[in-house]
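Residues in the sequence shown are numbered from 991 upward in steps of one, following my numbering.
Step one of this worksheet: look at the structure below.
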Amino acid sequence: MTQILVTNSEGRPGVGKTAEMLAAGHGGLDAIEAGIRLVEADTSIRTVGRGGWPNLLGEVELDAAIIDGNTFRSGAVGALKGYLHPISIARAVLERLPHEMLVGEGAARFAHETGAQTADNLIPDSERVWRQWFEEKVSPDDQRKWPNVPLAELCQQAIDPEKGMDTTVFLSLDGRKEIMAGVSTSGWAWKYPGRLGDSPIIGAGCFADSEHGAAACTGAGEMAIRAGTSRAIVLYMKMGLSLEAAVDEAIADLRRLKGGLIQRITLHAIDRDGRHRVVAVNAEEQLTYWLWQEGEAEPHAEPAEIIAL
Ligand code: ASP
991 MTQILVTNSE GRPGVGKTAE MLAAGHGGLD AIEAGIRLVE ADTSIRTVGR GGWPNLLGEV
1051 ELDAAIIDGN TFRSGAVGAL KGYLHPISIA RAVLERLPHE MLVGEGAARF AHETGAQTAD
1111 NLIPDSERVW RQWFEEKVSP DDQRKWPNVP LAELCQQAID PEKGMDTTVF LSLDGRKEIM
1171 AGVSTSGWAW KYPGRLGDSP IIGAGCFADS EHGAAACTGA GEMAIRAGTS RAIVLYMKMG
1231 LSLEAAVDEA IADLRRLKGG LIQRITLHAI DRDGRHRVVA VNAEEQLTYW LWQEGEAEPH
1291 AEPAEIIAL
């Protein structure tokens, strides 16, 4: 048994497609991109792509990244507005630019240049929930001056309406024994405009190395950024630790974080032998992930391990 695909519960709309493509001999990058596109377009997944929660200003800003574990070429977009498939724009960054990451207006400009499909990503239900928050939490004076008001305090009080729901992350070891990773997200709901989470930051939200393994994080992205968690897991494997021990070591790094946003963070990892581990650190509820291994007709759901910091 060699091939493996790990994706989190949000990967549901795309996991079948990615598994099918891997089983048919497609490379991991193509299979991951195809699966993530289905998640991005599915408005029932409220934390990825169209239907994702907006920032404090009620705008949907999307982040995505994809990395080739053979070459370490990556492509990432951050705070992208108005496009349906950030993962494909990230893939185009990887393939067409001498850069690894584009954000904001530059990312949208490049998306336009590639002919990417535009979309109104704020669905009516997200707008309704955002408006309710606005009316309840923003003072009448600030409502009148909106959006020319300080947001820092509002950002401290923002409550994620979809606690426990995440970025989608896909990790694969394909039939060529190549390891790839891709992630896509609307980021933290009610985030400060322009806030990037871990997802578009290679090494924080995802990393892949065909010689050792891959990792991706969901949940409190600020923690993964501070501890360089995805890169750390793969590097610990490179330095000789088992997959199990590498994830434990990354959790030990997270324990050392003091201050800032400390909440739930879920670590997903695979190694080059097709082993995997998914740990929900600080989870208050049971989380599941999807697993497909070579020879299996279909992906199936598994419970994540839960560890407290
Ligand atoms: N990690 C994502 C971020 O911080 C959010 C999530 O996965 O829930 O943007």
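All residues carry an ideal CB built from backbone N, CA and C; glycine is no exception.
Note that this is a predicted model, so its numbers are computed, not measured.
Suppose the cutoff is 6 Å on Cβ atoms and the five residues either side in sequence are ignored; what does the same chain contact list for residue i look like?
i: Leu1052; result: Leu1070, Pro1076, Ser1176
i: Ala1101; result: Tyr1073, Ile1079
i: Arg1063; result: Leu1084
i: Ala1236; result: Ile1223, Tyr1226, Met1227
i: Ile1296; result: Ala1270, Ala1273
i: Val1139; result: Asp1132
i: Ala1109; result: Arg1040, Leu1074
i: Val1268; result: His1258, Tyr1279, Ala1294
i: Thr1157; result: Val1173, Thr1175, Ser1189, Thr1208
i: Gly1065; result: Ile1056, Ala1080, Arg1081, Val1083, Leu1084
i: Gly1042; result: Val1050, Ser1176
i: Ile1169; result: Gly1059, Leu1163, Ala1198, Ser1200, Ala1204
i: Arg1121; result: none
Which value, in whole angstroms, describes the spacing of the CA atoms of residue i and residue j?
i: Ala1021; j: Lys1167; result: 14 Å
i: Glu1234; j: Ala1204; result: 13 Å
i: Gln1133; j: Glu1049; result: 16 Å
i: Tyr1182; j: Arg1081; result: 26 Å
i: Thr1208; j: Leu1251; result: 14 Å
i: Asn1060; j: Thr1256; result: 25 Å
i: Phe1197; j: Ala1206; result: 7 Å
i: Val1119; j: Gly1096; result: 29 Å
i: Glu1201; j: Asp1058; result: 12 Å
i: Ala1242; j: Lys1135; result: 45 Å
i: His1266; j: Glu1125; result: 45 Å
i: Ala1142; j: Thr1104; result: 35 Å
i: Pro1044; j: Arg1036; result: 10 Å
i: Glu1239; j: Ile1260; result: 15 Å
i: Gly1285; j: Leu1019; result: 20 Å
i: Glu1090; j: Gly1068; result: 11 Å
i: Leu1112; j: Leu1092; result: 22 Å
i: Pro1137; j: Ile1026; result: 33 Å
i: Leu1144; j: Gly1001; result: 31 Å
i: Asp1086; j: Glu1023; result: The question names Asp, but residue 1086 is Arg in the sequence shown. Each residue's Cα considered, the two are about 16 Å apart.
i: Trp1123; j: Pro1114; result: 14 Å
i: Ser1034; j: Gly1249; result: 34 Å
Which residues share a DSSP beta bridge with residue i?
i: Leu1281; result: Val996, His1290
i: Tyr1073; result: Thr1108
i: Ile1169; result: Leu1163
i: Cys1052; result: Before going on, a small fix: residue 1052 reads as Leu here, not Cys. In the DSSP output, where bridge partners are listed per residue, Leu1052 has Leu1070.
i: Ser1176; result: Answer is none; Ser1176 lacks a bridge partner.
i: Glu1295; result: Val1269
i: His1258; result: Ala1206, Val1268
Could you check how far apart the C-beta atoms of residue i and residue j are, in whole angstroms? I think they sit under 8 Å.
i: Tyr1073; j: Ala1031; result: Actually they are not in contact, since the Cβ atoms of Tyr1073 and Ala1031 sit about 11 Å apart, beyond 8 Å.
i: Leu1244; j: Leu1299; result: 6 Å
i: Ile1192; j: Ala1055; result: 6 Å
i: Gly1015; j: Leu1163; result: Incorrect: roughly 14 Å between the Cβ atoms, too far for contact.
i: Ala1210; j: Gln1276; result: 18 Å between Cβ atoms; not a contact.
i: Val996; j: Leu1231; result: Actually they are not in contact, since the Cβ atoms of Val996 and Leu1231 sit about 19 Å apart, beyond 8 Å.
i: Asn998; j: Val1128; result: So it is not a contact: roughly 32 Å between Cβ atoms.
Tell me which same chain residues have a C-beta within less than 7 Å of the C-beta of residue i, skipping the five on either side of it?
i: Thr992; result: Leu1163, Lys1167, Gly1264, Glu1284
i: Leu1028; result: Pro1003, Gly1004, Lys1007
Note down, in chain order, each residue of its chain lying with its Cβ closer than 8 Å to the Cβ of residue i, except the 5 sequence neighbours on either side.
i: Leu1247; result: Met1213, Arg1216, Ala1217
- Query: Is the stretch 1220-1235 touching the stretch 1186-1200 in the sense that three or more CB pairs, one from each, lie closer than 8 Å?
  - Reply: Yes: the two stretches touch, three or more of their Cβ pairs being nearer than 8 Å.
- Message: For the stretch 999-1011 against the stretch 1284-1296, do three or more pairs of beta-carbon atoms, one drawn from each stretch, fall closer than 8 Å, so that the two count as touching?
- Response: Segments in contact, yes.
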